[in-house]
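Only one structure is covered here, and it is reproduced in the block below.
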Amino acid sequence: MKQPEPHITVKDLTMAYGDFVVMRDLTFTINRGDVFIIMGGSGCGKSTMMTILIGLKPPAKGKVFYDDTDFWASEPDIRDQIIRRAGVMYQSGALWSSMTLAENVALPIETYTNLTPAEIRDTVELKMALVGLAGFEEFYPSEISGGMQKRAGIARAMALDPEVLFFDEPSAGLDPVSARRLDDLILQLSESLSTTMVVVTHELASIFAIGSNSVFLDASIRTMTATGNPSKLLAETQDPTLRLFLTRGEQT
Amino acid sequence: MSSSGELLFEQPSQDNLQVIFSGSWKLGEPLPSADDVRQKIESAGPIRQITFNTEKLGDWDSGLLTFLRKLWKYCSKSDIAVDSSGLPGGVRQLLELAAAVPEKKDARKSEGRMTFLSYLGDQTVLFFNGASELLAFIGEAVVAFLRLFQGKAQYRRTDLWLVMEACSGLALPIVALISFLVGMILAFIGAIQLALFGAEIYVADLVGIAMVRLMAAIMTGIVMAGRTGGAFAAQLGTMQVNQEIDALKTLGLSPIEFLVLPRMLALALLMPLLSLFANVMGILGGAVATITLPDVNIIQYFDQLVGAVSLWDLWIGIFSSAIFGVIVAVAGCMRGMQCGRSASAVGDAATSAVVTAIVGIIVATAIITIMTNVLGI
Chain W
0 MKQPEPHITV KDLTMAYGDF VVMRDLTFTI NRGDVFIIMG GSGCGKSTMM TILIGLKPPA
60 KGKVFYDDTD FWASEPDIRD QIIRRAGVMY QSGALWSSMT LAENVALPIE TYTNLTPAEI
120 RDTVELKMAL VGLAGFEEFY PSEISGGMQK RAGIARAMAL DPEVLFFDEP SAGLDPVSAR
180 RLDDLILQLS ESLSTTMVVV THELASIFAI GSNSVFLDAS IRTMTATGNP SKLLAETQDP
240 TLRLFLTRGE QT
Chain B
0 MSSSGELLFE QPSQDNLQVI FSGSWKLGEP LPSADDVRQK IESAGPIRQI TFNTEKLGDW
60 DSGLLTFLRK LWKYCSKSDI AVDSSGLPGG VRQLLELAAA VPEKKDARKS EGRMTFLSYL
120 GDQTVLFFNG ASELLAFIGE AVVAFLRLFQ GKAQYRRTDL WLVMEACSGL ALPIVALISF
180 LVGMILAFIG AIQLALFGAE IYVADLVGIA MVRLMAAIMT GIVMAGRTGG AFAAQLGTMQ
240 VNQEIDALKT LGLSPIEFLV LPRMLALALL MPLLSLFANV MGILGGAVAT ITLPDVNIIQ
300 YFDQLVGAVS LWDLWIGIFS SAIFGVIVAV AGCMRGMQCG RSASAVGDAA TSAVVTAIVG
360 IIVATAIITI MTNVLGI
């Protein structure tokens, strides 16, 4: 087996809104090629964690390293460069509503590469086909369903062949079959592209189906209580809160 | 139908109070309050336990539950044991459910009364924060413009065209109507006053100078503040709610360059054109009004007007309208970008954009008028 190689490292991180501390003392490592789950109950700060990792909100304390670079201590243009190598799928898709799906996916490519319009069109068609939306290029975001918007969001996040992909609650608001398909898509992309995936979710089915590594944020004591493979955590953990979470409250 | 809820009390032993419910206990009906029980307990001496008898209880709903919860709270405070075995099973289960998760003490928002001074302080701090946000926004916009002139700004040409269409051609009908009517109103009001001196012909000077120098620009500015500034704020605000602006940021695209720049550019370029159009419509409105005047005909009106309006008037009008365009765009875009993440925040942003723009236009007009006065032009 290949030696795990750290990709994103979080050290002694505290996140807060003003004086209100959401989580403190978070330390964990996301390795290259991981499907890393950030899990925890509602309101524990999973999504806030992601906004810190993708550079939208500075942490109250602590550091985030991308490889060896201290992300939040870097100059803004270094941060921009790092974050440009990441793709983000937002909870609601967050597609730009004034543009067609094709234009949404094409915008990052137009902005950061010198491809010709024909090459861009081909790339967009490829990304759209990868997420199962071939033929929907000329639709506007408001004309397609929520599940399709999320998949289009993934296509846009993958536009620049990122090294790491972030997913904010990919299965929230989807029916079980669509949620399952999205999980499969994440797994397939992870295996074939060997991209690092960071998934914020509390869906147990997803967590066990796709997660190879994880961190558990405990809202009651406002810190992390475990990190590791979710199936292993379920088998080994002694922590009652985590057991309750991973078993849907069925065992005590 | 059973009668409305009533309470009876029995005291089987010295320290035991039995509460007997009868009738229907439903919200909206006249029910006894928990205070009745409290008074009974206090008057009955050292009660240590409360039991319930619900054999005669009819229908019940949340009315009974709220009553019992209040009683519960009082009893736990004054160390009285509550034996709930006499209550119906459904009531017991619901009360247990309500008590299952203890109240989070620090979660409830405090609504402390604010003294006048602290209110004043809060508002002052808010005002200065607002002012520094405005300055920061203008600074970012200026940087975006500099990058535009260096050819480095990233925005979509099609966006620019769409915004330009929205604030030019599509705005023509309303601008035409408003300025035509303003021209006409100015002429009518002026004519009444000037007729007193037999100087009705000066209606042309009045309409011409007022429209070209000032009114066309102001009226266009106010129309555009309501029409386009509000729309900008609502668009950007909705994009904020929908995380579309976050999505731009995580791509390393500046929302200021991508969204704000095309809007400011479009308004600053097109407002002068709109205002020229408003000049023409206003002067035509004045011309229509002269038809009703006995001593002035249309030819005289135009002849007099051409002599009265100088090129300086036109330049001042065009300059003002470009400034107003920037004000409307800055107000609309800034309020949109500052928008919170809820539907009502989008509404607030749109309202505040229009108000900010109109105040800005009036203040700018005052400054421009004073400046031209001092310069003597």
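Here the protein sequences come in this chain order: W and B. Every letter in the first sequence is one number past the one before it in numbering that gives the first Met the number 0, and letter 47, counting from 1, is 46. Every letter in the second sequence is one number past the one before it in numbering that gives the first Met the number 0, and letter 55, counting from 1, is 54. No residue lacks a Cβ here, since even glycine has one placed at the ideal position from N, Cα and C.
Query                                                                                                                                                              : Result
Over the uninterrupted alpha helix (DSSP H) stretch that includes S253/W, give me the two end residues.                                                            : Given that chain W is displayed from residue 0 to residue 251, the structure contains no residue 253/W and the question cannot be resolved.
Assuming I37/W and V163/W are in contact, meaning their beta carbons sit under 8 Å apart, how far apart are those beta carbons, in whole angstroms?                : The pair is not a contact, with the Cβ atoms about 13 Å apart (cut-off 8 Å).
Based on Cα-Cα distance, which residue from F301/B, A321/B, V100/B and P45/B lies nearest to C74/B?                                                                : P45/B
Return the chain-ordered ranges of every beta strand (DSSP E) run that is complete within the region 59-95 of chain B and spans a minimum of 3 residues.           : 80-82
Kindly indicate if chain B contains any beta-carbon less than 8 Å away from that of S110/W.                                                                        : A small correction: the amino acid at residue 110/W is Thr; Ser does not occupy that position in the sequence shown. By this cut-off, T110/W is an interface position.
Between D79/W and chain B, is any beta-carbon pair separated by less than 8 Å?                                                                                     : yes
Per DSSP, which residues does I29/W bridge with? Please list them.                                                                                                 : I7/W
Counting beta carbon pairs with one atom in the region 157-173 of chain W and one in the region 84-93 of chain W, are three or more of them shorter than 8 Å?      : yes
Can you give me the Cβ contacts of P57/W inside the same chain, cut-off strictly under 8 Å, excluding the 5 residues immediately before and after it?              : I51 and W71
Name the DSSP bridge partner or partners of F19/W?                                                                                                                 : Y16/W
Which residues, taken in chain order from the region 242-256 of chain B, show a beta carbon closer than 7 Å to some beta carbon of chain W?                        : Q242, E243, D245, A246, K248, T249, L250, G251 and L252
For K62/W, I'd like the list of residues in its chain whose CB is within less than 6 Å of its CB, leaving aside the five on either flank, ordered along the chain. : K10 and D69
Looking at Y16/W and the ligand SAM, is the gap between the Cβ and the nearest heavy atom below 7 Å?                                                               : The ligand SAM is absent from the structure shown, which contains no ligand whatsoever.
Restricting to Cα atoms, I'd like to know which of M127/W, T246/W and I81/W is closest to F64/W.                                                                   : I81/W
Whole angstroms is fine: what's the gap from L119/B's alpha carbon to D217/W's?                                                                                    : 40 Å
In this structure, what does DSSP give as the bridge partners for G39/W?                                                                                           : L216/W
On a CA-only basis, which of F231/B, G339/B, L268/B and R112/B is nearest V329/B? Give me that one, please.                                                        : F231/B
Going along chain W, which residues have a C-beta under 7 Å from Q153/B?                                                                                           : T110
Would you report the Cα separation of L304/B and D158/B, rounded to the nearest angstrom?                                                                          : 40 Å
Quick one: what's got a C-beta closer than 6 Å to T47/W's C-beta in the same chain, skipping five residues either side?                                            : M14 and V21
Which residues share a DSSP beta bridge with K62/W?                                                                                                                : K10/W
Helix, strand or coil for P116/W? Go by DSSP, reduced to three states.                                                                                             : helix
Do we get a CB-CB distance below 8 Å when we pair W95/W with the residues of chain B?                                                                              : yes
Output needed for G129/B: all residues of its chain with C-beta closer than 8 Å, excluding positions within five of it in sequence on either side, in chain order. : none
By the three-class DSSP mapping on this structure, what secondary structure does K55/B have?                                                                       : strand
In three-state terms, what does DSSP make of R200/W?                                                                                                               : For the record, residue 200/W in the displayed sequence is Thr; it is not Arg. Residue state, collapsed to three classes: coil.
Give me the Cα-Cα distance between L173/W and S343/B, rounded to the nearest whole angstrom.                                                                       : 26 Å
On the premise that V211/B lies in contact with V308/B, defined as a C-beta separation below 8 Å, what is that separation, rounded to the nearest angstrom?        : 5 Å
Check distances from the C-beta atoms of the region 45-63 of chain W to those of chain B and list, in chain order, the residues that come in under 9 Å.            : T50, I53, G54 and L55
Tell me which residues share the same chain as M0/B and place their Cβ nearer than 8 Å to its Cβ, disregarding the 5 neighbours each side in the sequence.         : Confidence in M0/B is poor, its pLDDT being 47 and thus under 50, which makes the residue's placement unreliable; the coordinate value appears in the next sentence. Result list for M0/B: S23, in chain order.
Does any residue of chain B bring its CB to less than 8 Å from the CB of Y65/W?                                                                                    : no
Threshold first: 4 residues or longer. Then list the alpha helix (DSSP H) segments lying entirely within the region 164-251 of chain B, N to C.                    : 171-194, 202-209, 215-223, 229-240 and 243-249
Which residue marks the beginning of the beta strand (DSSP E) containing D167/W, and which one marks its end?                                                      : V163 to D167
Alpha carbons only, please: which of A288/B, A352/B, I282/B and L16/B is nearest the one belonging to A43/B?                                                       : L16/B
Flag R83/W as yes if its beta-carbon sits less than 8 Å from any beta-carbon of chain D, otherwise no.                                                             : No chain D appears in the structure shown, which is made up of the protein chains W and B.
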